[in-house]
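**Q** Numbering (the working numbering), first residue to last: 42 to 174.
Please read through the structure below; I'll follow up with questions.
Below, the structure is given as structure tokens:
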């Protein structure tokens with residue numbers, strides 16, 4: 042659900058003209074959305090577990106001196122249609138991996154401390170939005 046859909050639901054619940062039937066329909070719709078999200082999460086967890094298992098098996102096969110240690114990963118990626126098909130795609134995947142590694146490294150570094158000297162940054166000013174209670 043998007044944030045605007047949640048806002049619409051809040052507005053609907055806050056309206057004075059609510060009817061019990063409307064709330065029942067809304068509750069059923071929310072339960073359907075929750076069930077869909079739960080199933081999607083379970084599927085993604087399953088995919089992740091299979092990929093992690095294949096990666097661990099590949100590392101173990103390499104440690105054991107297996108002649109083709111990437112077989113497990115290749116099989117799993119092939120099942121998902123995730124194998125690169127050409128040199129352009131290979132180059133893009135490698136560039137994406139380098140960028141992801143750089144971003145992850147930057148996130149792990151502590152933020153730079155400001156000394157308070159120099160140009161003062163403007164603060165955002167404007168109206169604030171409050172949510173109904």
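Just so you know, even glycine gets a beta-carbon here, dropped at the ideal spot from N, CA and C.
Keep in mind it's a predicted model, so treat the numbers as computed, not measured.
To the nearest angstrom, how far is the alpha carbon of residue 148 from that of residue 138?
**A** Between residue 148 and residue 138, the alpha-carbon positions lie close to 15 Å from each other.
**Q** Alpha carbon to alpha carbon, how far is residue 129 from residue 49? Give it in angstroms, no decimals.
**A** 44 Å
**Q** If we require 4 or more residues per run, which alpha helix (DSSP H) segments fall completely within the segment 54-111?
**A** 61-104
**Q** From which residue to which residue does the alpha helix (DSSP H) around residue 140 run?
**A** Here the alpha helix (DSSP H) through residue 140 covers 128-149.
**Q** Quick one: grab the DSSP three-state call for residue 122.
**A** coil
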